[in-house]
Amino acid sequence: MQTKRILFINFGGLGDEILFLPTIQSIKKEFPNSHITLALEERSKGITNLTNIIDKTIFVNIKNKNKYKELFNLLIKIWGSNFDIVISTGSNKFISIFLFMTFIKEKYGYNTGKLSEFLLTKTVDLNKNRYAVQMYQELAKPLTNTITELPELSIQKKPTIKNSVLIHPGVSKISVQKGMIKTIPATEWARVVETLANRGKQVFLIGGPDDKECIDIITQKVPAEKFENLYGTTKSLKELAELISSAEIFLCSDSAPLHIAVSLGIKTFAIFGSTDDKKLIPQNNNVIAIKAKCNCPLQPCLWEKRQTTCEALDCLKISAAQIVEKILE
77 MQTKRILFIN FGGLGDEILF LPTIQSIKKE FPNSHITLAL EERSKGITNL TNIIDKTIFV
137 NIKNKNKYKE LFNLLIKIWG SNFDIVISTG SNKFISIFLF MTFIKEKYGY NTGKLSEFLL
197 TKTVDLNKNR YAVQMYQELA KPLTNTITEL PELSIQKKPT IKNSVLIHPG VSKISVQKGM
257 IKTIPATEWA RVVETLANRG KQVFLIGGPD DKECIDIITQ KVPAEKFENL YGTTKSLKEL
317 AELISSAEIF LCSDSAPLHI AVSLGIKTFA IFGSTDDKKL IPQNNNVIAI KAKCNCPLQP
377 CLWEKRQTTC EALDCLKISA AQIVEKILE
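Counting in the working numbering, the sequence shown runs from 77 upward without gaps.
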C-alpha cells in the first residue's frame, strides 16, 4: 500500500491540539501507513508527548507581528515535502488561498464561501456551536467514515487512587497575561482544598510552571497534612497525563489538563466562567461544568463577544462550598 504523506494544520494552544487529535486519529485509522506531519504553534508542542501517531512537526509562530512571513516560510517547507493531502482547521477566507498555494493535490478545509468551494478539493460546514472534537471531526468525513469520539492518548494508565480528588487549579499564564481570566482566585482554591480534605477526601495538587504562584498561595493557607502537593513532580505532559489517570475525581478549570482528563474517562468537574462549556467538553454525566449563577447577558463572552474578560468577573463568583457540594452530591 502506498504511503500517503498527510499534512494537518492547526494553530492554537495545547488544548486546541488535544481537541483536534481525534481528527488526526480518524485519518490515521483510514490510512494506517500514512506519514503524519502537524503544523502548529511551538507553545503546543507537548501534544507529541500524548500520541505516537505524529511523525513530524512544523512550528509556526503565527502570533508573530510578521505572520505573513511565517506563513510564507511554512509554504516553502510544504513545497519541499511532497504531501498528498492537507487538512486545515483555519476558518478565515484567506486559508483557502493559502491551501491552494501549497500545490498539494488534495486540500480539505471549512467552507468559508464560494472561493473555498472553488479552490479546495472538498469543504465541510463549520459549526462552532458544538463540542470542538465534533467540530474538527467534520474535516475527516470526506476521507473516512471512522469517527474518533475522544482523543486516544498513548500513555500507561495508573491504578486509581480510591477516594482521591486530583486538583489542577491553574490556567495558562499566557491567557492571564492577555487578560483572559478563566478560574477562581487562589484563595478560593485553598478553601476548596481544605473543605474537601475536611469532608474525607484524599486531595492531591498538581501543576506546572504556570501554576506556581497559585499553588504557593494554597500551600501557605492550607495545613500540609490536609493534602499532598505533587507540584513539580512531573517532568513531561505524558507524566502529567499518567498522574491524572490515577484520579478518582479530577477538578480543574478550562485548561489543557481538562482535555486530558476527559480523554482518559476520569470523572471530571471543571470550573467555567467566560468560556463556553458546550464547546469545550462533551455533554455527558462524566464531565460536569461548575458555573456561577450569573445574570450577565454576555456569558459566555470570550472570543465570540470579547477578547478579554471584564473586571467584574461575576461569572467566576463561585464559592468553595458550591464547588465541594457539586462534587459530593
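Virtual Cβ for every residue (Gly too), placed ideally from N, Cα, C. Just so it is clear, the structure is predicted and the values come from calculations on it, not from any experiment.
Just to confirm, is the Cβ distance from residue i to residue j under 8 Å?
| i | j | result |
| --- | --- | --- |
| T79 | S102 | no |
| L229 | L126 | yes |
| K402 | F345 | yes |
| A365 | L90 | no |
| I100 | I138 | no |
| T113 | L151 | no |
Return the residue from the list the options that minimises the CA-CA distance to residue i.
| i | options | result |
| --- | --- | --- |
| N226 | L150, L83, L215 and G341 | The displayed chain sequence assigns Leu, not Asn, to residue 226. Nearest of L150, L83, L215 and G341 to L226, Cα basis: G341. |
| T271 | T310, F174, I237 and L404 | L404 |
| G246 | I394, L116, I347 and N360 | I347 |
| F303 | D287, I282, K233 and I112 | I282 |
| N203 | N239, I173, T165 and I237 | T165 |
| G349 | K258, Y186 and F176 | K258 |
| Y307 | C290, S321 and K369 | C290 |
| T124 | A317, D353, T385 and P358 | A317 |
| T199 | Y207, S167 and T351 | S167 |
| I357 | M211, L195 and F176 | M211 |
| G284 | T309, R267, V269 and K277 | T309 |
| K181 | S157, T188 and N187 | S157 |
| T178 | I85, N239 and T188 | I85 |
The alpha helix (DSSP H) spanning residue i covers which residue range?
| i | result |
| --- | --- |
| V338 | A332 to L340 |
| V209 | A208 to Q213 |
| I394 | Counting along the chain, I394 falls outside any alpha helix (DSSP H), and DSSP gives it neither H nor E. |
For residue i and residue j, what's the separation of their Cα atoms in angstroms?
| i | j | result |
| --- | --- | --- |
| T197 | T220 | 15 Å |
| I94 | H335 | 7 Å |
| E301 | I293 | 16 Å |
| N149 | G88 | 18 Å |
| V209 | A262 | 30 Å |
| R206 | R119 | 25 Å |
| D160 | L116 | 19 Å |
| V363 | V338 | 7 Å |
| G122 | L191 | 34 Å |
| N371 | G255 | 21 Å |
For the beta strand (DSSP E) that residue i lies in, which residues bound it at each end?
| i | result |
| --- | --- |
| L281 | Q278 to L281 |
| L114 | H111 to L116 |
| C328 | I325 to S329 |
Beta strand (DSSP E) runs contained entirely in the region 169 to 227, provided each spans 3 or more residues: 182 to 186 and 198 to 200
4 or more residues per run - each alpha helix (DSSP H) lying fully within the region 348 to 373: 353 to 356
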